[in-house]
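In the working numbering, the protein residues as written are 1 to 147. Note that CB positions come from ideal geometry on N, CA and C, so glycine has one too. Everything on this sheet refers to the single structure shown next.
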């Protein structure tokens, strides 16, 4: 399988965060508050690469730069039981060609890096998220801001 892998994980996380903040067509979600790789103590061990919030929803973007990492991610408990995961809308963000749409978990969207930009190849469907873990995450972020 050929794919464009000319960007590292950190670079792709930054692009995904910028993409999530940017205004988009009405069928895509923008977030006013976006966090990247913020480690919090929670019940599931989930550390989203990018998570964003707006007034009505939450979005997680999981960045993968290798097939091995993508395949490993499927085994995490909060991927096996999606209701335990964060984000009412969830995307994988990968170099173009790394993942096929039919390999994605149900309801996940796909962002692909190609020629220096991110393209939304598949829109996610809304799913039930773990509101308790999201609150834990937000409280942790707020505590850090107060310091």
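*Nearest to residue 55 by CA position, among 73, 31, 137 and 39, is which residue?*
Counted from its first residue, the chain shown places residue 55 at position 55. Of 73, 31, 137 and 39, the residue nearest in Cα terms is 31.
*asked:* For residue 17, tell me which candidate among 92, 25 and 100 has the shortest Cα-Cα distance.
replied: Against the chain shown, residue 17 aligns to sequence position 17. Of the listed residues, the one whose Cα sits closest to residue 17 is 92.
*Bridge partners - residue 95, DSSP secondary structure assignment*: The count along the chain shown starts at 1 and reaches residue 95 at position 95. In the DSSP assignment, residue 95 forms a beta bridge with 113.
*How do the segment 114–129 and the segment 86–100 stand: do at least 3 beta-carbon pairs fall below 8 Å, yes or no?*
Yes: the two stretches touch, three or more of their Cβ pairs being nearer than 8 Å.
*Please work out which residues of its chain come closer than 7 Å, Cβ to Cβ, to residue 40, disregarding the five sequence neighbours upstream and downstream, and give them in chain order.*
Counting from one through the chain shown, the residue named residue 40 turns up at place 40. Taken in chain order, the residues that qualify are 136, 137 and 140.
*asked:* For residue 75 and residue 34, I'd like the C-alpha separation in whole angstroms.
replied: Looking up residue 75 in the chain shown gives position 75. Looking up residue 34 in the chain shown gives position 34. Computed Cα separation, rounded: 26 Å.
*At 4 residues or longer, and completely inside the segment 53–110: list those alpha helix (DSSP H) runs for me, N to C.*
Counting whole runs of 4 or more residues, the segment 53–110 contains the alpha helix (DSSP H) stretches 67–73 and 77–80.
*asked:* Once the 5 residues before and after residue 78 are set aside, which same chain residues still bring their CB inside 6 Å of it?
replied: Here residue 78 refers to the residue found at position 78 when the chain shown is read from its first residue. Cβ within range, chain order: 44, 46, 84 and 85.
_Option nearest residue 27 by Cα separation, candidates 142, 109 and 66_ = As a first step, residue 27 is located in the chain shown; it is residue number 27 there, counting from the start. Closest in C-alpha terms to residue 27, from the list 142, 109 and 66, comes 109.
*residue 35 bridges to which residues according to DSSP?*
On the chain shown, position 35 is the one that residue 35 refers to. Beta-bridge pairing links residue 35 to 51.
*Where residue 102 falls, given that 16 or more other Cβ within 10 Å makes a residue buried*: Residue 102 sits at position 102 when you count from the first residue of the chain shown. Taking all protein chains shown into account, residue 102 has fewer than 16 neighbouring C-beta atoms within 10 Å of its C-beta and is therefore exposed.
*Neighbourhood of residue 37 by C-beta, 7 Å cutoff - its chain only, sequence neighbours within 5 removed*: For the purposes of this step, residue 37 is identified with residue 37 of the chain shown, where counting begins at 1. Only 13, 47 and 49 meet the Cβ criterion.
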